[in-house]
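Asker:
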Amino acid sequence: MGEQISRLMDGELEGAEADAAFRELKGPDGVASWVCYHVIADTLRRCGEPTPGFAERFSARLEAEPTVLAPRPMRAPGLPLVWAAAASVAAVLVVGSVAVSTLDPQPTVIAKAREANAVRTAQVRPQPVSPDYLLAHQEYSPTTQIQGVGPYLRAVAAGGTDGRP
Amino acid sequence: MTTCAHQRFGRAGAWFRAALIAAVTLAAMPVAGAEEAVAWLGRAAAAAQQQNYVGTIVYQHGGHVETSRLVHLFEHGSEFEKLVNLEGPAREVVRSNGEVRCYYPDARIVRVEPRTFRNAFPSLSPQQQAALANYYDFRMAERGRVAGIETQAWVFEPKDGLRYGHKFWADPVSGLLVKARIFDERNEVVEQFAFTEISIGLRIDRELVKPTWPVAPPGWQVRQSGPGESEPKETGWTVSRLPPGFLKIVDGFRRLHGKQEVAHLVYSDGLVAVSVFIEPVGSAPHPVGMSRQGGINVVIRQQDGNLVTVLGEVPAATVRQIAHSVTRR
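Order-wise, the sequence lines are chains A and B.
The first sequence begins at 98 in this note's numbering and counts up by one.
The second sequence begins at 973 in this note's numbering and counts up by one.
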């Protein structure tokens, strides 16, 4: 069930599929899955968890930020104030509920996420493409015709294909 | 109003006005027509093919910078070319006798790619010429020195977000490109090839374009791709939601390094191309996902027992749109 949410996060869904995933997010386990997959993604990217005292330091720095005095922006025409207000409230509600779940993660969700992590690693990591495909493509690309063999560097670049020829 | 401003600012106002006119003129530098763009591309392609040149080329993508040595010889109507990277594992690309060979001594692999398309380029189809004019503004940019040469820069600016911008710096004498840059919609450089030094039009010894290994040493693996579109046939695959401006230029099967036949479709907007590879792999899960290598974005998906790989010198969204609409005709 969480698969659609995972694909949504990876930017793989469009149109009706994306709408379905958003509906799923509103469902009973939607937010839990959302948090779960973000923990997976963060772990994969080795973001880890914030260091202890992060929230306090962040609040202190935010407090120290100077207040910006800027002219009041013109309200976009066409959006009545009441709708704008309603949208803000909705946004706060969404952010609020996500924040609550994030701050109070059910241990089982996180544990499951970490467990799933090991299984999903191979599938989530960006896949370097085979140089066979790059080479086969290169010959048909008009820009290659005007740059000579230069673009073939992509196929033999040491850093480009994870060093895997 | 203008008179008033002129009187108030005097000479400074006149100078300011002149500068303003100059700025406006520069910004409104005439957009060259489709014929000019096609002629320019043809000249650049012919120069890349028919000139003799030797130089050091720097390839930048993401956080990577790689330096290579390039030697190009045109003799008796044939091209000979050798590209050797100067950093990291010594790899080389050699073009001769109508094929490209990539040597990976670190992995003991030689990849052989037959060459079939290159000579056909300067004649873009009328549809491709129209796409070029409809989806890019082609204009002359600044003059400036690159690799010690006084160059003329040209820009292909995309008219929509489905393609990247391209800027080329050419030697006005030979027409050869000495620098090429791909930039995104925020004007950030995605990838760049540039000569740091180059000699054009010199005599070149054939020895300089021969591969280091004329015969693959024992123990090396030779991966030969079968000829591509030499037998064009309908693969039965199509892209249902093709981004505007892209036209199918190749539809056929090819054999990649001894694998079973892979369907290969190529779509081009006259300047860049997107390749679609469809390979039957069965139901066993394969690694899928998105990746990027310099100006090339890649999406790999598994779909009904096939592995669909889409890649091209276009933004990720364009590759994704194509990858998600590959269907049976």
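Positions of the beta carbon are idealized from the N, C-alpha and C atoms, including for glycine.
1. Leaving out five residues before and five after B/Phe1110 in sequence, what residues of the same chain have Cβ atoms less than 6 Å from its Cβ?
2. Out of B/Leu1180, B/Ile1250 and B/Glu1157, which one is the CA nearest neighbour of B/Thr1299?
3. Compare the C-alpha of B/Ala1020 against each of B/Asp1143, B/Pro1098, B/Arg1135 and B/Arg1292 and name the closest.
4. Looking at the structure shown, is B/Val1181 part of a helix, part of a strand, or coil, going by DSSP?
5. In chain order, what residues of the same chain have a beta carbon less than 6 Å from the beta carbon of B/Gly1027, not counting five sequence neighbours either side?
6. By DSSP, does B/Lys1054 sit in helix, in strand, or in coil?
7. What separation, rounded to the nearest whole angstrom, lies between the Cα atoms of B/Val1280 and B/Gly1267?
8. Specify the secondary structure class of B/Gly1261 as computed by DSSP and reduced to three states.
9. Pick helix, strand or coil for B/Ala1000, following the three-state DSSP scheme.
10. Are the CB atoms of B/Ile1154 and B/Val1162 nearer to each other than 7 Å?
11. So with CB distances below 9 Å, who are the chain B contacts of A/Arg251?
12. Would B/Ala1103 pass as a contact of B/Asp1223 if the rule is Cβ separation under 7 Å?
13. For B/Ala1018 and B/Val1150, I'd like the C-alpha separation in whole angstroms.
14. Alpha carbon to alpha carbon, how far is B/Arg1073 from B/Phe1052? Give it in angstroms, no decimals.
15. Near A/Arg172, what residues of its chain come up, given a Cβ to Cβ distance below 7 Å and the 5 sequence neighbours on each side ignored?
16. What in chain A is Cβ-close to B/Phe1249, meaning under 8 Å?
17. Can you give the beta carbon distance from B/Val939 to B/Val1291, rounded, assuming they're within the 8 Å contact cut?
18. Check the DSSP bridge columns for B/Glu1007 and list the partner residues they point to.
19. Take B/Glu1059 and list the residues in its own chain whose beta-carbon comes closer than 7 Å to its own, dropping the five residues that flank it on each side.
20. Keeping to the same chain, check which residues put their C-beta closer than 7 Å to that of B/Glu1064; ignore five residues upstream and five downstream.
21. How would you list, in chain order, the residues of chain A whose beta-carbon sits under 9 Å from the beta-carbon of B/Leu1042?
22. So the candidates are B/Pro1257, B/Arg1264 and B/Gly1217; which of them puts its Cα closest to the Cα of B/Lys1131?
23. Could you give the distance in angstroms between the alpha-carbon of B/Arg1227 and the alpha-carbon of B/Val1238?
24. Using a Cβ cut-off of 7 Å (strictly closer), state whether A/Val132 contacts chain B.
25. Does DSSP put B/Ile1176 in a helix, a strand or coil?
26. Mind checking who B/Gly1044 pairs with in its DSSP beta bridge?
27. Between the alpha carbons of A/Gln101 and A/Phe119, how many angstroms are there, rounded?
28. In terms of residues, what are the limits of the alpha helix (DSSP H) holding A/His234?
29. Give a yes or no on whether the minimum CB-CB distance between B/Ala1152 and chain A is below 7 Å.
30. Taking the straight line between their C-alpha atoms, what separation do you get for A/Ile137 and A/Ser103?
31. In whole angstroms, what is the alpha-carbon distance linking A/Leu110 and B/Asp1177?
Answerer: Let me lay it out:
1. Cβ within range, chain order: Ala1004, Ala1009 and Phe1128.
2. B/Ile1250
3. B/Asp1143
4. helix
5. Leu1042, Phe1167, Glu1169 and Ile1170
6. strand
7. 20 Å
8. strand
9. Residue confidence for B/Ala1000 is low, a pLDDT of 47 falling below 50, so the modelled location carries little weight; the figure read from the coordinates is stated next. Residue state, collapsed to three classes: coil.
10. yes
11. Tyr1031, His1033, Glu1163, Gln1265, Gly1266, Gly1267 and Ile1268
12. Not in contact: B/Ala1103 and B/Asp1223 (Cβ atoms no closer than 7 Å).
13. 14 Å
14. 11 Å
15. Note that A/Arg172 scores 47 on pLDDT, short of 50, meaning its location in the model is unreliable and no value can be drawn from it.
16. Tyr230 and Ala233
17. Examination of residue 939 of chain B is not possible in this model, given that chain B is present from 973 through 1301 alone.
18. DSSP output for B/Glu1007 lists no bridge partner at all.
19. Around B/Glu1059: Glu1038 and Thr1039.
20. Lys1054, Leu1055, Val1056, Tyr1075, Pro1183 and Thr1184
21. Gly245, Val246 and Gly247
22. B/Gly1217
23. 16 Å
24. no
25. coil
26. First, the amino acid is wrong: residue 1044 of chain B is His here, not Gly. Note: B/His1044 sits in a beta bridge opposite B/Tyr1025 and B/Glu1053.
27. Each residue's CA atom was taken as its position, placing A/Gln101 and A/Phe119 some 9 Å apart.
28. Pro228 to Gln235
29. Taking Cβ atoms only, chain A reaches closer than 7 Å to B/Ala1152, which makes this a yes.
30. Whole-angstrom Cα-Cα distance: 10 Å.
31. 55 Å
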